[in-house]
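A.B. asks:
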Ligand SMILES: Cc1cc2nc3c(=O)[nH]c(=O)nc-3n(C[C@H](O)[C@H](O)[C@H](O)COP(=O)(O)OP(=O)(O)OC[C@H]3O[C@@H](n4cnc5c(N)ncnc54)[C@H](O)[C@@H]3O)c2cc1C
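In the numbering used here, the protein residues as written are 16 to 397.
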């Protein structure tokens, strides 16, 4: 049986706060807490060798919601709440950019577009209303028609209309997560990879997080409080916020000789999305083709969705161009109804944080800021 040294016990297994999950929310929460309390002893426990959630697998859209998405969400949340959500995404993205710097995360406000055809063209009736409602958030037009660019961009014949979203941007997902890891480490956080937490016990004045490491066996981390930021994964840990997993599948092509467009693009209520990475095309989505099958946390790709992605690639995005697929992957998002960010205390000392519903790049930092406020209040009052 593995044993633990006195030094390990003192320095690696004791903290003021233990955060479970090194995704954008877990790491942003660590950043928030250390910015306001630099002397805090903080440990982040991550089950994977790399963070194995959505934060390193996503498409890097720094987006606020396309018109068809916002109109769809308004039917369940109401338009006022949808506008608040857009405002939260804007503030969250501003926070991420100011914390890490645009250079470090390769942020570019490259502009975005939504491609419309069929029933989705009905959204054209809502553009004026969206512009009026969202102007206070962006300070200028949220969406404008750009049909004249359909031919310039060389899209397929199915595309009936094009909408331009000038405030949309993109990041380099890998750089952002490396920068965030470096940021929290430079402020004293200990991030332990390969440490899956199996359960959390709450005592009167502390919590114990029980993890199992392949090399060290069972490890018991003691802290004053804990935060669970595991997205939809491992509901047994948090338990008070029920979210379901939703798999997202992606492909990226080999570099093309040239691309007639540059930016981030959506269609079909945001269920499909593509962007360029240099002259490569990163294209993902299609969960709506098989909601049941994609409600899973299995990191696998399926023929059905990958075939549809390729079909759209050839018929809509770059018709006639010779494209070769370089890589395919899957990542797991978390969804709940209503699709709003939420934090909840699972016990007096264990806070669960959830919030992204598939759009964490922009929103994650702000969700973490709210959670940090709750944890700071607990720590302050003892
Ligand atoms: C394919 C794909 C494309 C996407 N594209 C975009 C996009 O373009 N723009 C956008 O805004 N959003 C996008 N998203 C969504 C975005 O990535 C997520 O909303 C965001 O990353 C969620 O962050 P998180 O910190 O909540 O969760 P995660 O990043 O999932 O982090 C949770 C972490 O917890 C860890 N964990 C789980 N269980 C345990 C345990 N028991 N012990 C220890 N650690 C544990 C996991 O390994 C993981 O690292 C996309 C997602 C996917 C999958």
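Just so you know, even glycine gets a beta-carbon here, dropped at the ideal spot from N, CA and C.
Remember, predicted model here, so these are calculated numbers, not experimental data.
For residue 287, which residues from the same chain have a beta carbon less than 6 Å from its beta carbon, with the 5 sequence-adjacent residues on both sides left out?
C.D. replies: Translated into the one-based positions of the chain shown, residue 287 becomes position 272. The answer, listed in chain order, is 300.
A.B. asks: Express the C-alpha separation of residue 373 and residue 79 in angstroms, rounding to a whole number.
C.D. replies: Position 64 of the chain shown holds residue 79. Position 358 of the chain shown holds residue 373. Their Cα atoms are separated by approximately 11 Å.
A.B. asks: Helix, strand or coil for residue 128 per DSSP?
C.D. replies: As a working note, residue 128 is residue 113 in the chain shown. The answer is strand: DSSP assigns residue 128 an E or B state.
A.B. asks: Would you kindly report the start and end of the unbroken beta strand (DSSP E) that includes residue 369?
C.D. replies: Your numbering for residue 369 matches position 354 in the chain shown. Run containing residue 369: 365 to 369, per the beta strand (DSSP E) assignment.
A.B. asks: Tell me residue 295's beta-bridge partners as DSSP assigns them.
C.D. replies: As a working note, residue 295 is residue 280 in the chain shown. BP columns for residue 295 point to 292.
A.B. asks: Where do the ends of the alpha helix (DSSP H) carrying residue 189 lie?
C.D. replies: Translated into the one-based positions of the chain shown, residue 189 becomes position 174. For residue 189, the uninterrupted alpha helix (DSSP H) run begins and ends at 188 to 201, by DSSP.
A.B. asks: So residue 24 is in the alpha helix (DSSP H); what residue range does that whole segment cover?
C.D. replies: Here residue 24 refers to the residue found at position 9 when the chain shown is read from its first residue. First-last of the alpha helix (DSSP H) with residue 24: 21 to 26.
A.B. asks: Would the beta-carbon of residue 127 fall within 7 Å of that of residue 180?
C.D. replies: Looking up residue 127 in the chain shown gives position 112. Looking up residue 180 in the chain shown gives position 165. The Cβ atoms of residue 127 and residue 180 sit closer than 7 Å to each other.
A.B. asks: Does the contact criterion of 3 or more C-beta pairs under 8 Å hold for the region 375 to 392 versus the region 34 to 51?
C.D. replies: yes
A.B. asks: Using 6 Å as the cut-off, classify the Cβ of residue 287 as near or not near the heavy atoms of ligand 1, replying yes or no.
C.D. replies: As a working mapping, residue 287 is identified with position 272 in the chain shown. No, Cβ of residue 287 sits at least 6 Å from all heavy atoms of ligand 1.
A.B. asks: Output needed for residue 265: all residues of its chain with C-beta closer than 6 Å, excluding positions within five of it in sequence on either side, in chain order.
C.D. replies: Walking along the chain shown from the start, residue 265 turns up at place 250. Within the same chain, residue 265 has close Cβ partners 299 and 344.
A.B. asks: Residue 334: buried (16+ other C-beta within 10 angstroms of its C-beta) or exposed?
C.D. replies: For this step, residue 334 is matched to residue 319 along the chain shown. Its Cβ having fewer than 16 others within 10 Å, residue 334 is exposed.
A.B. asks: Can the beta-carbon of residue 224 be found less than 7 Å from the beta-carbon of residue 243?
C.D. replies: The residue you call residue 224 lines up with position 209 of the chain shown. The residue you call residue 243 lines up with position 228 of the chain shown. Contact: no.
A.B. asks: Just the C-alpha distance for residue 76 and residue 182, rounded to the nearest angstrom, thanks.
C.D. replies: Working through the chain shown from its first residue, we reach residue 76 at position 61. Working through the chain shown from its first residue, we reach residue 182 at position 167. Distance between the alpha carbons of residue 76 and residue 182 is about 11 Å.
A.B. asks: Could you check if residue 136 is buried or exposed, using at least 16 other CB atoms within 10 Å of its CB as the buried criterion?
C.D. replies: Numbered from its first residue, the chain shown carries residue 136 at position 121. It counts as exposed.
A.B. asks: DSSP three-state label for residue 176, please.
C.D. replies: Indexing the chain shown from 1 puts residue 176 at position 161. The answer is strand: DSSP assigns residue 176 an E or B state.
A.B. asks: Just checking residue 268 against ligand 1 - is the residue's beta carbon closer than 6 Å to any of the ligand's heavy atoms?
C.D. replies: Indexing the chain shown from 1 puts residue 268 at position 253. Because no heavy atom of ligand 1 lies under 6 Å away, the Cβ of residue 268 does not count as near it: no.
A.B. asks: For the 8 Å Cβ check, are there 3 or more pairs between the region 135 to 149 and the region 106 to 116?
C.D. replies: no
A.B. asks: Using the C-alpha atoms, what's the distance from residue 378 back to residue 33?
C.D. replies: Here residue 33 refers to the residue found at position 18 of the chain shown. Here residue 378 refers to the residue found at position 363 of the chain shown. Rounded to the nearest angstrom, the two C-alpha atoms are 22 Å apart.
A.B. asks: According to DSSP, is residue 329 part of a helix, a strand, or is it coil?
C.D. replies: Stepping through the chain shown from its first residue, residue 329 is reached at position 314. Helix.
A.B. asks: Short of 8 Å in beta carbon distance, which residues of its chain neighbour residue 365, apart from the five on each side in sequence? Order them along the chain.
C.D. replies: Within the chain shown, numbered from 1, the residue matching residue 365 stands at position 350. 215, 217, 222, 240, 241, 242, 243 and 253, listed in sequence order.
A.B. asks: Cβ of residue 300 within 6 Å of any heavy atom in ligand 1?
C.D. replies: The residue given as residue 300 occupies position 285 in the chain shown. Flag unset: Cβ of residue 300 not near ligand 1.
A.B. asks: Within the same chain, show all residues whose beta-carbon is closer than 7 Å to that of residue 336, passing over the 5 residues directly before and after it, in chain order.
C.D. replies: What you label residue 336 is simply residue 321 of the chain shown in a count that begins at 1. Once the five neighbours on either side are set aside, the close Cβ partners of residue 336 are 271.
A.B. asks: Tell me whether residue 308, by its Cβ, gets closer than 6 Å to a heavy atom of ligand 1.
C.D. replies: Position 293 of the chain shown holds residue 308. Answer for residue 308: no, Cβ out of range of ligand 1.
A.B. asks: Which residue from 27, 65 and 24 puts its Cα closest to that of residue 346?
C.D. replies: Sequence index remark: in the chain shown, residue 346 carries index 331 (1-based). Here the closest residue by C-alpha is 65.
A.B. asks: Please state whether the Cβ-Cβ distance between residue 273 and residue 350 is less than 7 Å.
C.D. replies: The residue labelled residue 273 in the question sits at position 258 within the chain shown. The residue labelled residue 350 in the question sits at position 335 within the chain shown. Result no, Cβ atoms of residue 273 and residue 350 do not sit closer than 7 Å.
A.B. asks: Look at the Cβ atom of residue 304, then the Cβ atom of residue 320, and state whether they are nearer than 7 Å.
C.D. replies: As a working note, residue 304 is residue 289 in the chain shown. As a working note, residue 320 is residue 305 in the chain shown. For residue 304 and residue 320, yes; Cβs fall inside 7 Å.
A.B. asks: Is it the case that the CB of residue 340 approaches a heavy atom of ligand 1 more closely than 6 Å?
C.D. replies: Taking the chain shown and counting its residues from 1, one reaches residue 340 at position 325. No, ligand 1 has no heavy atom inside 6 Å of this Cβ.
A.B. asks: Helix, strand or coil for residue 64 per DSSP?
C.D. replies: Sequence index remark: in the chain shown, residue 64 carries index 49 (1-based). In this structure, residue 64 counts as coil in the three-state DSSP scheme.
A.B. asks: Tell whether a beta-carbon distance below 7 Å holds between residue 39 and residue 375.
C.D. replies: As a working note, residue 39 is residue 24 in the chain shown. As a working note, residue 375 is residue 360 in the chain shown. With respect to the 7 Å criterion, residue 39 and residue 375 are classified as neighbours on the basis of their beta carbons.
A.B. asks: Give a single yes or no on whether residue 348 has its beta carbon closer than 6 Å to a heavy atom of ligand 1.
C.D. replies: Counting from one through the chain shown, the residue named residue 348 turns up at place 333. Flag set: Cβ of residue 348 near ligand 1.
A.B. asks: First and last residue of the beta strand (DSSP E) that includes residue 140?
C.D. replies: The residue labelled residue 140 in the question sits at position 125 within the chain shown. Note, residue 140: premise wrong, no beta strand (DSSP E); not H, not E.
A.B. asks: In terms of DSSP beta bridges, what is residue 18 paired with?
C.D. replies: The residue labelled residue 18 in the question sits at position 3 within the chain shown. Residue 18 is not bridged to any residue.
A.B. asks: How is residue 399 classed by DSSP in three states: helix, strand or coil?
C.D. replies: Any answer about residue 399 is impossible in this case: the structure gives the chain only from 16 up to 397.
A.B. asks: Give the range of the beta strand (DSSP E) segment to which residue 260 is assigned.
C.D. replies: Working through the chain shown from its first residue, we reach residue 260 at position 245. 259 to 268 is the extent of the beta strand (DSSP E) around residue 260.
A.B. asks: When DSSP builds the beta bridges, which residues end up paired with residue 342?
C.D. replies: Along the chain shown, one-based indexing puts residue 342 at 327. Beta-bridge pairing links residue 342 to 267.
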